[in-house]
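In what follows, a structure is listed as structure tokens, so that the remarks can point back to it.
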Amino acid sequence: MRKLAAGNWKMNGTLADLAELDALALACAEATCDILICPPATLIHPMVARIGGGGISVGGQDCHAAESGAHTGDLAAGQLRDAGADHVIVGHSERRADHGETDAAVAAKAAAAHRAGLRSIICVGETEAQRDAGDTLDVIARQLAGSVPECATADNSVIAYEPVWAIGTGRTPTNDQIAEVHAAMRRALAARFADGAEMRLLYGGSVKPSNAAAIFALPAVDGALVGGASLKAVDFAQIVAALDAA
Ligand code: PEP
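Read the sequence shown against my numbering and you will find it ends at 247, with the numbers running on by one and no gaps.
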């Protein structure tokens, strides 16, 4: 299974920041894992033009479930593809919280991504209150059941476990907690999809150079979805190196 280091720039970055991409491409020229950067939509085409055909893929951070139409401010999966993206994140907890996205909405977006030829990165994760209540595995099972569409395959879908309370906080679950959730996700996906055992599972939430190696050493962790530490090439390149070494 190919490992994946995915960076989510969120609402950060302008054309001036493409220099970070150059630095990343240089630092990761020998990398063997898959590398993906999901910049703001304004930077997708400039990034693809800059690194065209190089070892770094470019993805969107969200897409609409419809192919086109009266949805002011939204982007269709086909438009992301047209701009040169080959992946799209769906169901990030910030989208779920800020835009009220339900599991069904996330599944519809993932299905739209697949129809457009994009690989979806489908995010799930519990809140701190849910973890404290002992509900983590139930929440993840429910989100997986509702957010991963029937058309998902190991080729067109990647699942990211991102505890909401670990995103951007500097806090991470214990390694045992990450391993427990990833094992449960692997079991659930294998039970539901013919090639579910082959779906790549990413961990996301405050991954940084100092904790990446320990997280990547865990069973059923096939890479990471990285926010803050993906903004600086020097940090993200160290995470890529840790993944390659795992
Ligand atoms: C994210 O938003 O997907 C994320 C994991 O952010 P951070 O790495 O900054 O916690």
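Think of the CB as a built atom: it goes at the ideal place given N, C-alpha and C, for glycine as much as any other residue. Just so you know, these numbers come straight off a predicted model, no measurement behind them.
Length of the line joining the Cα atoms of residue i and residue j
i: Glu102; j: Ala113; result: 15 Å
i: Ala26; j: Ala98; result: 33 Å
i: Ala6; j: Ala134; result: 31 Å
i: Trp166; j: Thr137; result: 12 Å
i: Ala24; j: Pro40; result: 15 Å
i: Ser121; j: Arg3; result: 16 Å
i: Gln62; j: Gln144; result: 19 Å
i: Lys209; j: Gly14; result: 19 Å
i: Ser58; j: Asp83; result: 14 Å
i: Ile179; j: Ala214; result: 14 Å
i: Ala91; j: Val107; result: Correcting the residue type first, residue 91 is Val in the shown sequence and not Ala. Using only the alpha carbons, I get a separation of about 6 Å.
i: Gly127; j: His183; result: A small fix is needed here, since residue 127 is Glu in this sequence, not Gly. If you take the alpha carbons of Glu127 and His183, they lie about 13 Å apart.
Residue i: first and last residue of the uninterrupted beta strand (DSSP E) it sits in
i: Asp136; result: Per DSSP, Asp136 belongs to no beta strand (DSSP E) and is neither H nor E.
i: Arg172; result: That residue, Arg172, is in no beta strand (DSSP E); it is neither H nor E in DSSP.
i: Leu226; result: Gly224 to Val227
DSSP bridge partner residues for residue i (one or two, in chain order)
i: Asn9; result: Cys39
i: Val91; result: Ile123
i: Val159; result: Ile122 and Arg201
i: His65; result: Ala77
Exposure of residue i, with buried meaning 16 or more beta-carbon neighbours within 10 Å
i: Ala130; result: exposed
i: Pro264; result: One cannot answer for residue 264 here, as it falls past the ends of the chain, which runs 2 to 247.
i: Thr170; result: exposed
i: Pro174; result: buried
i: Arg172; result: exposed
i: Glu21; result: buried
Residue from the options whose Cα sits closest to the Cα of residue i
i: Asp18; options: Phe237, Ile240 and Leu232; result: Leu232
i: Leu190; options: Ile90, Ala155 and Ile52; result: Ala155
i: Leu244; options: Gly229, Val235, Gly224 and Gln80; result: Gly224
i: Ile311; options: Cys124, Arg116 and Ile90; result: In the structure displayed, the chain extends from 2 to 247; residue 311 sits before or after that span and is not available.
i: Arg51; options: Ala86, Glu151 and Gly79; result: Ala86
i: Ala109; options: Met186, Met12, Ile160 and Cys64; result: Cys64
i: Gly56; options: Pro150, Thr73, Ile38 and Ser69; result: Ile38
i: Pro47; options: Ile36, Gly60 and Asp35; result: Gly60
i: Ala153; options: Leu119, Arg132 and Asp139; result: Leu119
The alpha helix (DSSP H) enclosing residue i, as first and last residue numbers
i: Ser58; result: It is not in any alpha helix (DSSP H) - Ser58 instead sits in the beta strand (DSSP E) that spans Ile57 to Gly61.
i: Pro210; result: Pro210 to Phe217
i: Glu21; result: Leu19 to Ala28
i: Ile168; result: Unbroken run through Ile168: none, as it is neither H nor E.
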